[in-house]
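Heads up, the sequence shown is in the numbering used here, so the first residue is 3 and it goes up one at a time. Here a beta-carbon is modelled for each residue, glycine too, at the ideal position from N, C-alpha and C. If you're wondering where the values come from, they're calculated on a predicted model, not measured in any experiment. Presented below is the structure to which this report refers.
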Amino acid sequence: MAFENSKTFLINAHVLRSFFEDLNTWKKECAVYGMNSSMTQQEYDDLFKGTDANIYVPLWASACKGHGDILIDRTTYECICYYKSYGYKHVNMDGNPADYIGEQLRFLEYISICGLKGSANADLVIEDFIMKFTLDTVKELCKHIEKYTAAPEVKFVCEALKQLVELKPIQVEELPMTAEFDSCEWTKQPAMEAEEPRMIRSAGINNCGGNCKLEVWVAEGCVLDISADTRIDGIQLRTCPRGRGYRNTYFNSATRLRYPMKRRGPRGEGKFERISYEEAASVIADKMQETLEKYGPGSRYMIYSTGVCSVMRPDHAMKRLLCLNGGYLQHYNSYSSAQTNYITPYMLGHGASANHVSDVMNSKLIIMWGHNTAETIIGPFRNYYLAKAKEAGVKIIVIDPRMSESAITFADEWIPIRPGSDNALANAMAFVIFSKNLQDKEFLDKFCIGHDEAHMPDGVNAGESYKSYLFGMQDGIPKDPKWAEKITGIPAERIEALAIEYATTKPACILPGLGIQRSIGGENAARGTIALAAITGNIGKKGGGAGGTVTPTGHYEAPEVYKPENGCKYSTPVFLWTKIIEHWQDMEAVKDGIKGADKLPCGIKLLFNLASNILINQHSDINDTKRILSDTSLCEMIVVSDVFMTPSARWGDYVLPAPSLFENEHMPSVWASDDYVLYGNQCTDPIFGSLYEYEWIKMIAKKLNLYDEFVDGCPTPRDWNRRIYETDLRLHEPELPDFDAFMEKGGHMYSEPPKETVAFRVNVEDGVPFNTPSGKIEIFSKTLYDMNDPEIGGLPIWWEGPEGPCDTEGMKKYPLQLIGYHTKRRCHSIHDQNPWMEELDPPAIWMHPDDAAERGIKNGDMCEIFNDRGIVRIPAKVTDRIIKGACAMSQGGWYTPDKDGVDTRGSINVLTYAYKASPVAKGNPQHTNLVDV
Numbered sequence: 003m004a005f006e007n008s009k010t011f012l013i014n015a016h017v018l019r020s021f022f023e024d025l026n027t028w029k030k031e032c033a034v035y036g037m038n039s040s041m042t043q044q045e046y047d048d049l050f051k052g053t054d055a056n057i058y059v060p061l062w063a064s065a066c067k068g069h070g071d072i073l074i075d076r077t078t079y080e081c082i083c084y085y086k087s088y089g090y091k092h093v094n095m096d097g098n099p100a101d102y103i104g105e106q107l108r109f110l111e112y113i114s115i116c117g118l119k120g121s122a123n124a125d126l127v128i129e130d131f132i133m134k135f136t137l138d139t140v141k142e143l144c145k146h147i148e149k150y151t152a153a154p155e156v157k158f159v160c161e162a163l164k165q166l167v168e169l170k171p172i173q174v175e176e177l178p179m180t181a182e183f184d185s186c187e188w189t190k191q192p193a194m195e196a197e198e199p200r201m202i203r204s205a206g207i208n209n210c211g212g213n214c215k216l217e218v219w220v221a222e223g224c225v226l227d228i229s230a231d232t233r234i235d236g237i238q239l240r241t242c243p244r245g246r247g248y249r250n251t252y253f254n255s256a257t258r259l260r261y262p263m264k265r266r267g268p269r270g271e272g273k274f275e276r277i278s279y280e281e282a283a284s285v286i287a288d289k290m291q292e293t294l295e296k297y298g299p300g301s302r303y304m305i306y307s308t309g310v311c312s313v314m315r316p317d318h319a320m321k322r323l324l325c326l327n328g329g330y331l332q333h334y335n336s337y338s339s340a341q342t343n344y345i346t347p348y349m350l351g352h353g354a355s356a357n358h359v360s361d362v363m364n365s366k367l368i369i370m371w372g373h374n375t376a377e378t379i380i381g382p383f384r385n386y387y388l389a390k391a392k393e394a395g396v397k398i399i400v401i402d403p404r405m406s407e408s409a410i411t412f413a414d415e416w417i418p419i420r421p422g423s424d425n426a427l428a429n430a431m432a433f434v435i436f437s438k439n440l441q442d443k444e445f446l447d448k449f450c451i452g453h454d455e456a457h458m459p460d461g462v463n464a465g466e467s468y469k470s471y472l473f474g475m476q477d478g479i480p481k482d483p484k485w486a487e488k489i490t491g492i493p494a495e496r497i498e499a500l501a502i503e504y505a506t507t508k509p510a511c512i513l514p515g516l517g518i519q520r521s522i523g524g525e526n527a528a529r530g531t532i533a534l535a536a537i538t539g540n541i542g543k544k545g546g547g548a549g550g551t552v553t554p555t556g557h558y559e560a561p562e563v564y565k566p567e568n569g570c571k572y573s574t575p576v577f578l579w580t581k582i583i584e585h586w587q588d589m590e591a592v593k594d595g596i597k598g599a600d601k602l603p604c605g606i607k608l609l610f611n612l613a614s615n616i617l618i619n620q621h622s623d624i625n626d627t628k629r630i631l632s633d634t635s636l637c638e639m640i641v642v643s644d645v646f647m648t649p650s651a652r653w654g655d656y657v658l659p660a661p662s663l664f665e666n667e668h669m670p671s672v673w674a675s676d677d678y679v680l681y682g683n684q685c686t687d688p689i690f691g692s693l694y695e696y697e698w699i700k701m702i703a704k705k706l707n708l709y710d711e712f713v714d715g716c717p718t719p720r721d722w723n724r725r726i727y728e729t730d731l732r733l734h735e736p737e738l739p740d741f742d743a744f745m746e747k748g749g750h751m752y753s754e755p756p757k758e759t760v761a762f763r764v765n766v767e768d769g770v771p772f773n774t775p776s777g778k779i780e781i782f783s784k785t786l787y788d789m790n791d792p793e794i795g796g797l798p799i800w801w802e803g804p805e806g807p808c809d810t811e812g813m814k815k816y817p818l819q820l821i822g823y824h825t826k827r828r829c830h831s832i833h834d835q836n837p838w839m840e841e842l843d844p845p846a847i848w849m850h851p852d853d854a855a856e857r858g859i860k861n862g863d864m865c866e867i868f869n870d871r872g873i874v875r876i877p878a879k880v881t882d883r884i885i886k887g888a889c890a891m892s893q894g895g896w897y898t899p900d901k902d903g904v905d906t907r908g909s910i911n912v913l914t915y916a917y918k919a920s921p922v923a924k925g926n927p928q929h930t931n932l933v934d935v
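Right, dumping it as structure tokens:
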């Protein structure tokens with residue numbers, strides 16, 4: 003480009019830059035040319051600022067050059083290096099990364115000015131920069147814009163951009179070089195040195211079980227790479243594909259929330275108006291005070307959240323403020339493990355019933371019962387020790403409706419089982435053990451109660467023992483393998499052989515997964531595994547296992563941010579929040595698990611959904627949840643904070659963007675009290691100027707005149723992390739280094755395993771009573787028996803619930819059982835938008851070949867999976883890796899409905915069961931569903 007046209011190029015670059023910098027400035031400059039624009043700020047924000055969830059226009063070279071739709075990567079770094087080599091200092095327009103189209107145009111404007119002032123080769127620099135960065139950005143930007151609008155001013159900008167990058171600037175009347183151009187004052191500056199890449203130690207904060215240590219390579223605020231060779235004190239914590247793909251998840255430009263917004267239009271439509279954090283804080287503070295005064299503290303609710311699992315969690319920070327402001331409705335249990343965590347203490351006295359992960363090396367037989375560690379991880383050492391056990395010749399059996407990756411990796415044998423029938427199998431195994439006199443009589447007599455009629459608590463009628471139940475003394479139905487075969491689909495002879503092998507192999511370990519208890523009768527499935535461990539004497543023994551939960555007694559875990567006393571004295575099960583919104587008047591203490599009150603005095607009026615996708619995506623029966631949330635007279639305000647425009651964020655009244663784990667610092671909550679603790683150092687500044695939740699919650703605290711009490715001497719997340727680390731964690735784990743050394747190293751690996759590596763060893767070896775009413779393992783629980791609930795009973799009974807394997811009436815309409823599985827591509831719903839993860843496990847419905855053939859379905863065919871609750875449309879995966887009569891879909895797919903409301907992404911909760919929770923824990927029954935395909 004010859005510089006006789008440089009002034010024209012400059013004018014065009016400047017005017018176009020003004021368009022992407024500020025709409026009103028651009029309109030003012032357009033008037034100089036006699037052009038008038040009717041474009042509103044809202045229309046502009048919808049196109050370019052992310053206020054319409056249905057519109058995405060890529061504005062950054064990093065998102066347009068074919069390396070993945072991600073921000074602040076190597077492309078951004080190369081762009082910044084280019085700027086610096088010509089002495090240009092980027093300004094991050096409106097919080098955008100430096101390769102933003104507006105910033106690129108500003109650089110071209112700078113080079114044009116330098117050329118006009120006599121700098122040599124300016125035209126070559128312009129041409130080179132355009133070819134390297136701007137051309138691809140403009141092509142992608144214009145391609146996307148044209149899908150959404152035909153507005154004449156936007157069309158003009160697109161044409162002007164295309165001509166600019168073709169070095170054919172549109173010919174316009176020359177604009178005088180006046181102060182209107184801030185660039186008039188620019189002169190060529192000396193080249194600046196760009197930062198060299200450096201390594202920063204960070205850590206995962208997802209609830210995925212891995213809690214991986216990350217070595218992040220950073221330069222000029224760009225995340226360039228993540229190292230997989232991550233070690234603490236020489237011990238490797240191997241990063242899984244999710245960890246390796248974090249950049250493509252957290253810097254995904256299409257789904258990143260950019261600016262604070264408030265809803266316009268109906269809830270769920272995804273249309274918003276841009277506001278400031280200050281305005282959002284004022285509105286939220288007012289609503290907190292209004293709901294407190296009008297309805298009481300129980301009207302405010304923090305939805306279950308595990309999107310950030312760290313000491314300084316967003317939901318914990320808000321709970322702290324709510325307590326200071328009068329209180330909030332508490333919840334108990336979790337979506338993942340409510341039934342097993344709740345019921346295990348009834349039998350064993352506390353919930354940490356698993357041995358240390360290394361103890362599998364002492365086993366002679368391992369039964370992985372619905373336990374898919376190869377994909378769910380469940381701690382970074384678990385798969386290592388299972389592999390070592392297999393290498394050492396320990397037999398491993400996997401019981402699962404699917405041949406999971408754990409079955410493929412570890413199992414000597416896969417036993418397929420019908421979903422929800424696990425306790426029938428456990429009971430039949432117990433029947434065989436008693437009938438063949440293979441029980442550990444000495445262990446039972448010394449440590450257990452309820453196994454036979456001679457060992458029953460007072461006040462219980464005869465015939466209620468476990469053995470009496472198994473042999474059908476009351477109902478006339480022996481719970482033998484033939485009985486169980488009809489329920490489980492496992493041949494009777496295989497059940498008998500499994501029971502004998504388990505009872506006669508010493509020690510043997512049942513490792514139950516969480517899937518078996520995430521069902522309508524999940525408590526008794528968990529109890530069944532504990533009963534088997536008890537009657538074979540495997541509890542409290544090296545190489546054995548107590549069944550029940552997956553959680554061991556481990557190293558001390560740092561607590562959450564301290565909460566003051568809560569003014570709301572009652573609590574509810576975590577799974578029932580939609581019922582509390584709509585039917586709080588009808589809820590009762592026993593029936594609905596309300597603790598601390600007989601009835602609820604109000605429903606949920608103000609709901610916070612921070613770092614959570616529960617609101618829509620991860621809760622059962624999405625269509626019914628949408629119906630409830632659509633009525634703004636019920637729940638009056640929903641506040642959402644997240645990194646992404648998730649399906650849940652679309653339903654917020656106020657939506658506040660959060661920085662990713664790379665953009666703030668954190669101390670993760672270590673999975674299952676494992677043998678290490680990590681620290682995640684901040685790697686780069688938050689993009690788009692997003693604020694970590696603690697920062698805007700402080701703004702709310704100030705408006706409520708609670709700032710000093712809320713902060714309590716810790717104005718930053720680091721202050722809280724330091725305080726909790728030094729004043730709590732190190733007191734319990736004195737070998738930890740001081741906080742600064744800990745931060746620098748990025749974590750600490752404990753030199754010794756925790757004191758108790760075998761659960762209940764002190765009870766069995768040292769005679770310490772179990773923490774139960776009887777002081778023994780309660781195979782029969784009189785506490786549960788006295789509830790007089792036919793679904794639970796004093797024993798781990800088999801109960802035939804709705805939509806389970808014995809619901810013959812329901813199967814007339816919907817003959818297939820549907821389960822969800824945890825996939826290696828996601829942590830719950832996190833990473834679903836990551837294109838790298840799509841290659842690992844794309845959306846599909848697993849079907850047995852016989853079930854597919856009955857329906858004329860071939861592998862890869864597009865299918866509709868449906869029941870009365872909704873429809874999902876995804877391809878079929880026809881495979882003999884799933885039991886006949888069942889189908890499976892990975893949980894966590896982002897709900898993506900078409901115009902008819904049919905989900906197109908594989909969001910299983912369109913189909914899952916919600917109208918009845920489990921009997922005791924009132925937990926999530928999301929593996930109990932009937933469908934057809």
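Chain D within 8 Å of residue 428, Cβ atoms only | As a matter of chain content, chain D is missing from the structure shown, which is built from one protein chain.
Keeping to the same chain, check which residues put their C-beta closer than 6 Å to that of residue 514; ignore five residues upstream and five downstream.
-> By 1-based counting over the sequence shown, the position of residue 514 is 512. Around residue 514: 371, 531, 549.
Can you tell which of 690, 536, 612, 274 has its C-alpha closest to the C-alpha of residue 62?
-> To locate residue 62, count along the sequence shown from 1; it is residue 60. In terms of Cα proximity to residue 62, the closest of 690, 536, 612, 274 is 690.
Beta strand (DSSP E) runs contained entirely in the segment 352-422, provided each spans 3 or more residues = 367-371, 397-401, 415-417
Residue 640 versus residue 705: straight-line alpha-carbon distance, rounded | Residue 640 sits at position 638 when you count from the first residue of the sequence shown. Residue 705 sits at position 703 when you count from the first residue of the sequence shown. Residue 640 and residue 705: Cα-Cα distance of roughly 19 Å.
Does the segment 673-683 come within contact of the segment 197-214, defined as at least 3 CB pairs closer than 8 Å?
-> Contact check between the segment 673-683 and the segment 197-214: three or more CB pairs, one atom from each, fall below 8 Å, which counts as touching.
Is the segment 795-809 touching the segment 386-404 in the sense that three or more CB pairs, one from each, lie closer than 8 Å?
-> no
Through-space distance from residue 102 to residue 72, alpha-carbon basis | The residue you call residue 72 lines up with position 70 of the sequence shown. The residue you call residue 102 lines up with position 100 of the sequence shown. Cα to Cα, the separation comes out at about 12 Å.
Secondary structure of residue 759, DSSP reduced to three states = The residue given as residue 759 occupies position 757 in the sequence shown. Residue 759 falls in the coil class under three-state DSSP.
Of all the options 294, 338, 356, 341, which has the alpha carbon lying nearest to the alpha carbon of residue 331?
-> As a first step, residue 331 is located in the sequence shown; it is residue number 329 there, counting from the start. Residue 294 is the option with its Cα nearest to residue 331.
Taking only the alpha-carbon atoms, compute the straight-line gap between residue 262 and residue 926 and give it to the nearest angstrom.
-> For the purposes of this step, residue 262 is taken as residue 260 along the sequence shown, with counting starting at 1. For the purposes of this step, residue 926 is taken as residue 924 along the sequence shown, with counting starting at 1. Answer to the nearest angstrom: the Cα atoms are 32 Å apart.
Take the Cβ of residue 22 as the centre, count every other Cβ of all protein chains shown within 10 Å, and call the residue buried at 16 or more, exposed below.
-> In the sequence shown, the residue the question calls residue 22 occupies position 20. Per the 10 Å Cβ criterion, buried.
Near residue 693, what residues of its chain come up, given a Cβ to Cβ distance below 7 Å and the 5 sequence neighbours on each side ignored?
-> Taking the sequence shown and counting its residues from 1, the one referred to as residue 693 is at position 691. Here the set comprises 279.
Opening and closing residue of the alpha helix (DSSP H) in which residue 891 lies | For this step, residue 891 is matched to residue 889 along the sequence shown. That residue, residue 891, is in no alpha helix (DSSP H); its beta strand (DSSP E) goes 888-892.
Indicate the three-state DSSP secondary structure (helix, strand or coil) for residue 671 in the structure shown.
-> The residue labelled residue 671 in the question sits at position 669 within the sequence shown. Looking at residue 671 - three-state DSSP - the assignment turns out to be coil, as it is neither helix nor strand.
DSSP-derived helix/strand/coil call for residue 547 | Start at 1 with the first residue of the sequence shown, and residue 547 comes out as number 545. In the displayed model, residue 547 falls within coil according to three-state DSSP, outside both helix and strand.
Should residue 748 and residue 215 be called a contact, given that it needs their Cβ atoms to be closer than 8 Å?
-> Residue numbering aside, residue 748 sits at position 746 when the sequence shown is read from its first letter. Residue numbering aside, residue 215 sits at position 213 when the sequence shown is read from its first letter. A contact, by the Cβ cut-off of 8 Å.
Rounded Cβ spacing between residue 649 and residue 619 (contact assumed at less than 8 Å) = Within the sequence shown, numbered from 1, the residue matching residue 649 stands at position 647. Within the sequence shown, numbered from 1, the residue matching residue 619 stands at position 617. With 8 Å as the limit, residue 649 and residue 619 qualify as a contact, their Cβ atoms being about 5 Å apart.
DSSP state of residue 271 mapped onto helix, strand, coil | Taking the sequence shown and counting its residues from 1, the one referred to as residue 271 is at position 269. Three-state DSSP puts residue 271 in coil, outside helix and strand.
Near residue 881, what residues of its chain come up, given a Cβ to Cβ distance below 7 Å and the 5 sequence neighbours on each side ignored?
-> Here residue 881 refers to the residue found at position 879 when the sequence shown is read from its first residue. Within the same chain, residue 881 has close Cβ partners 848.
In three-state DSSP terms, what is residue 789?
-> Stepping through the sequence shown from its first residue, residue 789 is reached at position 787. Coil.
Specify, as a first and last residue, the run of the alpha helix (DSSP H) that residue 864 falls within.
-> As a position in the sequence shown, residue 864 is number 862, starting the count at 1. Secondary structure note for residue 864: it is in no alpha helix (DSSP H), and the uninterrupted beta strand (DSSP E) holding it is 864-869.
Evaluate the contact criterion for the segment 218-227 versus the segment 191-199: three or more CB pairs, one atom per stretch, below 8 Å.
-> yes
Would you tell me roughly how many angstroms separate the C-alpha atoms of residue 405 and residue 883, rounded to the nearest one?
-> Locating residue 405 in the sequence shown gives position 403, counting from the first residue. Locating residue 883 in the sequence shown gives position 881, counting from the first residue. Residue 405 and residue 883: Cα-Cα distance of roughly 5 Å.
Flag this pair as touching only if the segment 442-458 and the segment 808-826 have three or more C-beta atom pairs under 8 Å; answer yes or no.
-> no
Counting only runs of 4+ residues fully inside the segment 565-603, write out the alpha helix (DSSP H) ranges in chain order.
-> Runs of the alpha helix (DSSP H) inside the segment 565-603: 579-585, 591-594.
Should residue 133 go down as buried or exposed, given a rule of 16 or more other Cβ atoms within 10 Å for buried?
-> Taking the sequence shown and counting its residues from 1, the one referred to as residue 133 is at position 131. Exposed: under 16 other Cβ atoms inside 10 Å.
What is the C-beta distance between residue 206 and residue 670, in whole angstroms, given that I count them as a contact (C-beta under 8 Å)?
-> Position 204 of the sequence shown, counted from the first residue, corresponds to residue 206. Position 668 of the sequence shown, counted from the first residue, corresponds to residue 670. Yes, they are in contact, since the Cβ atoms of residue 206 and residue 670 sit about 7 Å apart, within 8 Å.
Is the CB-CB distance between residue 576 and residue 337 below 8 Å?
-> Taking the first residue of the sequence shown as 1, we reach residue 576 at position 574. Taking the first residue of the sequence shown as 1, we reach residue 337 at position 335. Yes.
Just to confirm, are residue 1 and residue 741 a CB contact at a threshold of 8 Å?
-> For the chain, the structure presents residues 3 to 935; residue 1 sits outside this window and is missing.
Any heavy atom of the ligand FAD closer than 7 Å to the Cβ of residue 627?
-> The ligand FAD is absent from the structure shown, which contains no ligand whatsoever.
Exposed or buried, which one is residue 67 when buried takes at least 16 other CB atoms within 10 Å?
-> Here residue 67 refers to the residue found at position 65 when the sequence shown is read from its first residue. Residue 67 should be labelled buried.
Residue 653, DSSP secondary structure in three states = Position 651 of the sequence shown, counting from 1, holds the residue named residue 653. Note: residue 653 maps to helix in three-state DSSP.
So the beta strand (DSSP E) residue 291 belongs to, where does it begin and stop?
-> On the sequence shown, position 289 is the one that residue 291 refers to. Premise fails: residue 291 lies in the alpha helix (DSSP H), 279-297, not in any beta strand (DSSP E).
Relative to the alpha-carbon of residue 163, which residue among 14, 118, 466, 920 has its alpha-carbon at the smallest distance?
-> As a position in the sequence shown, residue 163 is number 161, starting the count at 1. Of 14, 118, 466, 920, the residue nearest in Cα terms is 14.
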